[in-house]
Amino acid sequence: MKWFDLTGKTAVVTGAARGLGRAMAVGLAQAGADVVLVTNRSSAEEAKQEIESLGRKAVIVQADVSDQQALPKIVEAALSEFGKLDILVNNAGIIHRTAAADHSFVDWQEVIDTNLHSVFTLSQLAGREMIKQGSGKIINIASMLSFQGGINVPGYTASKHAVAGLTKALANEWASKGVQVNAIAPGYMSTDNTEALRNDENRSRQILERIPAGRWGTAEDLAGAVVFLASRASDYMAGHVLCVDGGWMVR
Ligand code: NAD
1 MKWFDLTGKT AVVTGAARGL GRAMAVGLAQ AGADVVLVTN RSSAEEAKQE IESLGRKAVI
61 VQADVSDQQA LPKIVEAALS EFGKLDILVN NAGIIHRTAA ADHSFVDWQE VIDTNLHSVF
121 TLSQLAGREM IKQGSGKIIN IASMLSFQGG INVPGYTASK HAVAGLTKAL ANEWASKGVQ
181 VNAIAPGYMS TDNTEALRND ENRSRQILER IPAGRWGTAE DLAGAVVFLA SRASDYMAGH
241 VLCVDGGWMV R
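Numbering-wise (UniProt numbering), the sequence shown opens with residue 1 and increments by one.
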């Protein structure tokens, strides 16, 4: 399908060692892209091997995205390895679950640095290259908590609301320059990020009861959406937050 073909494209995916990031990186490679896998502590070796087994190239960059000084080397790696950067997926993210009254500022700050400040700066660094080349796709990973308040996660909710807003702000400025900025809002997906929720019998049941699809999402459920937003099939989309949530938002 030429509309979704990513052959010859270079993608950067942050937080690509496991979970949603890994599945999206593999999905982009399946559509033809070479991938820069950004990871902090977790090993991204398995993701690299999976991508190489598809006949695509993969490079691992070790970087803590909450550290602003670490971000330029991510874009530099894409340019030095592949000569260009076509797709940026801002996926790396963390969550701290503590009631708002007890939420420490340290936890708040760590979440905002990781989930929001990194997205602004990496998008800016990548966006400059994309504007120069006249094309590019930036895909931010938002959340149901880009729309809702959530429980015990004030920092996370603030960060994900801001990611949705930033997606629109960048889309407004860059759509005329051939750079599309959109977001994916995953529903409740079975990854390390949601382990605590799934281990809480009560919360887990409440969540499942609200999902029209009748199941938690899997990381692979995002692969099609990310390929769509990375491909020319979505060239006329800008600032959209695409829910991939089994229907959670429409219930
Ligand atoms: P996960 O915990 O399984 O994976 C997160 C990845 O990000 C890991 O590979 C981790 O190493 C990496 N990471 C974390 N902090 C980093 C840092 N400072 N620098 C570099 N890499 C870092 O979580 P996930 O569920 O795969 O989450 C991925 C994204 O999806 C996050 O932005 C999360 O908020 C978002 N999300 C997840 C869900 C869900 O239900 N799982 C729902 C909505 C949004």
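Backbone N, C-alpha and C define an ideal beta-carbon position, used for all residues, glycine too.
Assignment of beta-bridge partners to residue 217 by DSSP yields 189. Nearest to residue 158 by C-alpha distance, out of 120, 141, 108, 136, is 108. Two segments are said to touch when three or more pairs of C-beta atoms, one from each, lie closer than 8 Å; by this definition the stretch 68-80 does not touch the stretch 95-105. Sequence-distant Cβ neighbours of residue 203 in its own chain, meaning closer than 7 Å and more than five residues away, are 197.
Following the DSSP letters along the chain, one finds residue 116 in no alpha helix (DSSP H), marked with neither H nor E. Residue 3 counts as exposed, since fewer than 16 other C-beta atoms from the protein chains shown sit within 10 angstroms of its C-beta. Excluding the 5 residues flanking it on each side, residue 172 has same chain C-beta neighbours closer than 7 Å at 239, in chain order.
Between the C-alpha atoms of residue 166 and residue 121 there is a straight-line separation of about 11 Å. CA-CA distance, residue 188 to residue 30, rounds to 24 Å. Relative to ligand 1, the nearest heavy atom lies less than 6 Å away from the CB of residue 64. Between the C-alpha atoms of residue 100 and residue 145 there is a straight-line separation of about 15 Å. According to DSSP, residue 34 shares a beta bridge with 10. Per DSSP, residue 71 is not a residue of any beta strand (DSSP E), being assigned neither H nor E. Annotation for residue 249 indicates a beta carbon at 6 Å or more from all heavy atoms of ligand 1.
Residue 124 sits in a helix when the DSSP states are folded into three classes.
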